[in-house]
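Per our numbering, residue 100 is the first one in the sequence shown, and the count goes up by one each step.
Every residue gets a Cβ at the ideal spot worked out from N, C-alpha and C, and that includes glycine.
This structure is a prediction, so every number in the text was calculated from the model and none was measured.
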Amino acid sequence: MIAPVLMAFGTPAQQQRFLPKIMAAEEWWCQGYSEPGAGSDLASLKTRAQLVTSGDGDYYVVNGQKTWTTLGQYADWIFCLVRTDPAAKKQSGISFLLIDMKSPGVTVRPIITLDGAHEVNEVWFEDVRVPVENRIGDENKGWTYAKFLLGHERTNIAGIGIAKRELARLKRIADAEGRIDEPLFAARVAQVEIDLMALEITNLRVLSAEREHKAPGPEASILKIKGTEIQQAIAELMMQAVGAYALPFRQTDVGPDYAANLGAGYCNLRKLSIFGGSNEIQKNIISQMIMGL
Numbered sequence: 100m101i102a103p104v105l106m107a108f109g110t111p112a113q114q115q116r117f118l119p120k121i122m123a124a125e126e127w128w129c130q131g132y133s134e135p136g137a138g139s140d141l142a143s144l145k146t147r148a149q150l151v152t153s154g155d156g157d158y159y160v161v162n163g164q165k166t167w168t169t170l171g172q173y174a175d176w177i178f179c180l181v182r183t184d185p186a187a188k189k190q191s192g193i194s195f196l197l198i199d200m201k202s203p204g205v206t207v208r209p210i211i212t213l214d215g216a217h218e219v220n221e222v223w224f225e226d227v228r229v230p231v232e233n234r235i236g237d238e239n240k241g242w243t244y245a246k247f248l249l250g251h252e253r254t255n256i257a258g259i260g261i262a263k264r265e266l267a268r269l270k271r272i273a274d275a276e277g278r279i280d281e282p283l284f285a286a287r288v289a290q291v292e293i294d295l296m297a298l299e300i301t302n303l304r305v306l307s308a309e310r311e312h313k314a315p316g317p318e319a320s321i322l323k324i325k326g327t328e329i330q331q332a333i334a335e336l337m338m339q340a341v342g343a344y345a346l347p348f349r350q351t352d353v354g355p356d357y358a359a360n361l362g363a364g365y366c367n368l369r370k371l372s373i374f375g376g377s378n379e380i381q382k383n384i385i386s387q388m389i390m391g392l
């Protein structure tokens with residue numbers, strides 16, 4: 100039996116249906132939030148879900164488009180924000196649906212990123228039927244559940260573990276290139292390391308609050324801003340350490356092996372300060388929730 104505490108929202112039946120397969124990595128999920136014209140202003144989303152009452156069971160008919168859907172080409176399910184009350188104000192007319200990616204009418208189209216990778220996608224919904232029992236919580240209350248989830252997502256985007264790994268890699272590259280003892284370069288590496296240590300302490304505070312079942316607050320926005328800036332700074336320092344050898348997007352016979360793909364990685368990481376709520380939006384959240392501005 101899966102304890103209900105493992106899922107903040109959702110019926111016991113939903114928890115028993117989905118959690119075991121998620122924990123066993125038997126089913127993979129993607130996120131259906133952003134749309135063309137509804138990214139940082141997510142509440143402007145237009146994907147529509149219309150309730151149909153039927154003798155065989157009530158269901159929603161979903162039509163619309165999601166974009167920047169990470170690894171959607173592999174997903175079995177998508178958790179999706181949809182508009183169920185177009186007459187309500189933006190945040191009040193949104194519901195949270197769980198949609199089987201194998202449903203008729205679901206189409207996944209690749210978006211090839213600047214580094215040449217198929218990482219993100221467009222997902223189209225054309226008259227997709229979704230049983231009412233696949234709705235999380237109450238109709239038109241999806242914004243509440245999405246905000247809760249985004250707090251955890253932003254904590255994860257901070258990428259403390261990834262940044263520590265990449266910082267160690269940066270030091271190895273800088274040492275191999277003879278840059279680690281250059282005062283100005285070494286000072287920049289030291290500053291990034293200090294920032295990362297401070298961020299890790301903030302992250303541990305958030306994790307400690309989680310043990311008390313407290314949802315992340317504005318500190319999740321702090322983690323998201325600083326964590327993404329640190330990861331981008333490390334990628335930039337790697338490029339500077341290697342110099343021109345880091346520019347090719349593909350492995351070449353020129354330059355050291357560790358220079359391969361540094362340029363592609365640098366470009367890919369520019370997205371970190373945008374997804375999950377852009378860093379500019381996070382600053383607005385902090386100013387409102389902490390300083391009351």
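Taking residue i as the reference, give the member of the options with the closest Cα.
i                 : options                        : result
isoleucine 121    : Ala174, Asp155, Leu144, Lys165 : Ala174
phenylalanine 178 : Val341, Cys129, Lys263, Gly354 : Cys129
serine 202        : Ser133, Gln190, Tyr244, Tyr158 : Tyr158
glutamine 164     : Tyr344, Leu150, Ala358, Val207 : Val207
threonine 243     : Gly277, Lys382, Asn383, Phe108 : Phe108
alanine 359       : Thr152, Met337, Gly326         : Met337
glutamine 114     : Thr327, Ile235, Asp226         : Ile235
leucine 295       : Glu126, Ile333, Val227         : Ile333
valine 160        : Ser194, Lys188, Asp140         : Ser194
asparagine 378    : Pro317, Glu335, Arg304, Phe348 : Pro317
leucine 322       : Lys270, Gly376, Gln172, Asp237 : Gly376
glutamate 218     : Leu371, Pro209, Gly364         : Pro209
phenylalanine 374 : Gly131, Ala124, Ala112         : Gly131
valine 151        : Ala286, Asp226, Leu346         : Asp226
leucine 170       : Ser307, Val222, Lys145         : Val222
At what residues does the beta strand (DSSP E) containing residue i begin and finish?
i              : result
lysine 165     : 158–165
glutamate 225  : 217–230
tryptophan 128 : 128–131
alanine 186    : Element bounds for alanine 186: n/a, residue is neither H nor E.
leucine 197    : 193–199
threonine 206  : 205–211
How would you call residue i, buried or exposed, if buried means at least 16 neighbouring beta carbons within 10 angstroms?
i              : result
methionine 388 : exposed
glutamate 232  : exposed
threonine 166  : buried
isoleucine 293 : exposed
arginine 264   : exposed
isoleucine 211 : exposed
glutamate 276  : buried
lysine 325     : buried
alanine 133    : The question names alanine, yet the displayed sequence has serine at residue 133. Buried.
threonine 183  : buried
alanine 267    : exposed
methionine 390 : exposed
serine 386     : exposed
So residue i and residue j are supposed to be a Cβ contact under 8 Å. How far apart are they, rounded?
i                 : j              : result
isoleucine 198    : valine 229     : 5 Å
isoleucine 408    : glutamate 299  : Here the chain has residues from 100 to 392 only, and residue 408 is not among them.
glycine 136       : leucine 180    : About 14 Å separates the two Cβ atoms, so there is no contact after all.
glycine 192       : asparagine 255 : Going by Cβ atoms, the distance from glycine 192 to asparagine 255 rounds to 28 Å, so no, they are not a contact pair.
arginine 369      : glutamine 339  : Arginine 369 to glutamine 339, Cβ: 16 Å. No contact.
phenylalanine 117 : glycine 215    : About 34 Å separates the two Cβ atoms, so there is no contact after all.
Between which two residues does the alpha helix (DSSP H) harbouring residue i extend?
i            : result
arginine 116 : 111–122
Ignoring anything shorter than 4 residues or poking outside the segment 219–306, list the alpha helix (DSSP H) runs there in chain order. For the segment 219–306, whole alpha helix (DSSP H) runs of length 4 or above, ordered along the chain, are 241–256, 259–275.
List, from N- to C-terminal side, the alpha helix (DSSP H) runs of 4 residues or more that fit wholly inside the segment 328–390. Under the rule that a run must span 4 or more residues, the alpha helix (DSSP H) segments found entirely inside the segment 328–390 read 361–367, 378–388.
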